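As you go down the protein sequences, you meet chains A and B in turn.
Everything in the first sequence is counted per the working numbering, starting at 34 for the first residue and increasing by one.
Everything in the second sequence is counted per the working numbering, starting at 9 for the first residue and increasing by one.
By construction, the Cβ of each residue, glycine as well, lies at the ideal position given by its N, Cα and C atoms.
As the structure is a computational prediction, the values presented were derived from the model and not from experiment.
Inspection log for the structure reproduced underneath, given as structure tokens.
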Amino acid sequence: MITERSTIDNITILEDGQIQVRRADIVYRDDIEIARNFHRHVISPGQDTSGEDEKVRRVVGVRHTKAVNDAYRAAVLARIDLP
Amino acid sequence: MLPAWTGSNMTIHVTPIPKLVSFATPSITIGATAAAGDALTAIRSNSTIAGVALVASTVDDSIARFNGTAGQLQGYTSDSPTISDAGVISLTSGQLTFPATQAASTDANTLDDYEEGTFTPVIHDNSGSDSEGQTYFIQVGRYIKIGKMVQIQINLSINSIGTLTTSQIARVAGLPFAAVNTANVYAGAFAAYGGSLSLDAAGGNITGLIDANTSYIGLRQWSATGGTSSCLVSNVTAGAHMVFGGSYEANA
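Shown next, in the form of structure tokens:
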């Protein structure tokens, strides 16, 4: 029987608070893994995380403090955009 | 030197630690051609290896490997990777696998990662929000990461831009990794296809800039003569379809 399971298998926190999230989509045949695909995205400090996995939201809740969010926001605003 | 031994079994006691090595006939052949089945077959109590057998290699420079199923240290054969006398490693067959979680190296000459996967490209304004009513016909993103280099392919067809602020720069967001955090380092994404856009100038082209420490492509548009300017959300209206390719350096 073919079954599929998705799990957040890797969360990387960058120094400035950006969080890189990897979801593994795993396909099983008779409970033996036959395929694994990765899907990634990045969560910036202050970004809406309402649609995120609970495990990710817990990490965000710890890491994305107001100070981290404010610092990231300030860094983004301070960036010199090309005209 | 051990005396000549004609018996069927030989036992060596090693002192001062009382370790026992026992060979069953004909367990070891030295200086002669080994017959099939000739093997060191028992390493007894407290050993972590129940049985070790040596199998002759048939490939020059091949790397020995342990076959846990057969309990053999093998000189491997036709599938074997090889190391030449000059230190060149050759994968004559098979693959090279990196760990699923990167063991990052800071060394400039060390390849430390390989990963393939997908991501979901989205259209954003400056707010970076997915919750402004954007809808899509097509959202396809694929990446390959080799070391710190990320190669991306994007196909994004927009049904509606929702309530995005039309006066702000349009961003194709959702990239799989944050770009390297070094000031004034930019990477480029080129547009291979554009449809139903509302660019400022006739004959204009769309392109993209990946800024340091971001995970989005800031859209730009080429004017006829003066170089690029910002590509605003108003230039990427409902129905816009863009195909991008590009590469950038990741943070790690």
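Can you look up residue i in the DSSP assignment and give me helix, strand or coil?
i             : result
residue 87/A  : helix
residue 42/A  : strand
residue 3/B   : Outside the shown range of chain B (9 to 260) lies residue 3/B, about which nothing can therefore be said.
residue 48/B  : Bear in mind that a pLDDT of 44 at residue 48/B, under 50, signals an unreliable position, so the model cannot answer this.
residue 247/B : coil
residue 94/A  : helix
residue 117/B : coil
residue 205/B : coil
residue 110/A : helix
residue 102/A : helix
residue 87/B  : coil
residue 103/B : coil
residue 241/B : helix
residue 166/B : strand
residue 66/A  : strand
residue 200/B : strand
Just list the residues that DSSP pairs residue i with in beta bridges.
i             : result
residue 153/B : 123/B, 158/B
residue 71/A  : 57/A
residue 36/A  : 61/A
residue 195/B : 218/B
residue 74/B  : 81/B
residue 179/B : 132/B, 226/B
residue 187/B : 258/B
residue 236/B : 230/B
residue 96/B  : Answer is none; residue 96/B lacks a bridge partner.
residue 51/A  : DSSP output for residue 51/A lists no bridge partner at all.
residue 147/B : 164/B
Should residue i be labelled buried (16 or more other beta-carbon atoms within 10 Å of its own) or exposed?
i             : result
residue 110/A : exposed
residue 70/B  : buried
residue 226/B : buried
residue 48/A  : exposed
residue 158/B : buried
residue 103/B : exposed
residue 65/A  : exposed
residue 187/B : buried
residue 99/A  : exposed
residue 73/A  : buried
residue 124/B : exposed
residue 77/A  : buried
residue 95/A  : exposed
residue 107/B : exposed
residue 36/A  : exposed
residue 261/B : Summary: the structure shown does not reach residue 261/B, with chain B confined to residues 9 through 260, and so no result is reported for it.
residue 181/B : buried
residue 233/B : exposed
residue 105/A : buried
residue 47/B  : Residue placement at residue 47/B cannot be trusted, given a pLDDT of 42 that sits under 50; the coordinates are not used to answer.
residue 235/B : exposed
Tell me whether residue i, by its Cβ, gets closer than 8 angstroms to a heavy atom of the ligand MG.
i             : result
residue 246/B : As far as ligands go, the structure on display features none, and thus does not contain the ligand MG.
Scan the stretch 137–162 of chain B for residues whose Cβ lies nearer than 8 angstroms to a Cβ of chain A and list them as they occur along the chain. Along the stretch 137–162 of chain B, going in chain order, the ones with a CB nearer than 8 angstroms to a CB of chain A are 137, 138, 139, 151.
Using a Cβ-Cβ cut-off of less than 9 angstroms, list which residues of the stretch 83–100 of chain A approach chain B; keep chain order. Hits within the stretch, in order: 83, 84.
Which residues of the stretch 97–128 of chain B have a Cβ closer than 9 angstroms to any Cβ of chain A? Give them in chain order. The stretch 97–128 of chain B vs chain A, Cβ under 9 angstroms: 108, 109, 110, 123, 124, 125, 126, 127, 128.
Going along the stretch 188–214 of chain B in order, which residues come within less than 9 angstroms of chain A, judged by CB to CB distance? Hits within the stretch, in order: 189, 191, 192, 194.
Output needed in chain order: residues of the stretch 174–186 of chain B with a Cβ under 7 angstroms from some Cβ in chain A. Within the stretch 174–186 of chain B, the residues whose Cβ lies closer than 7 angstroms to some Cβ of chain A are 182, 183, 184, 185, 186, listed in chain order.
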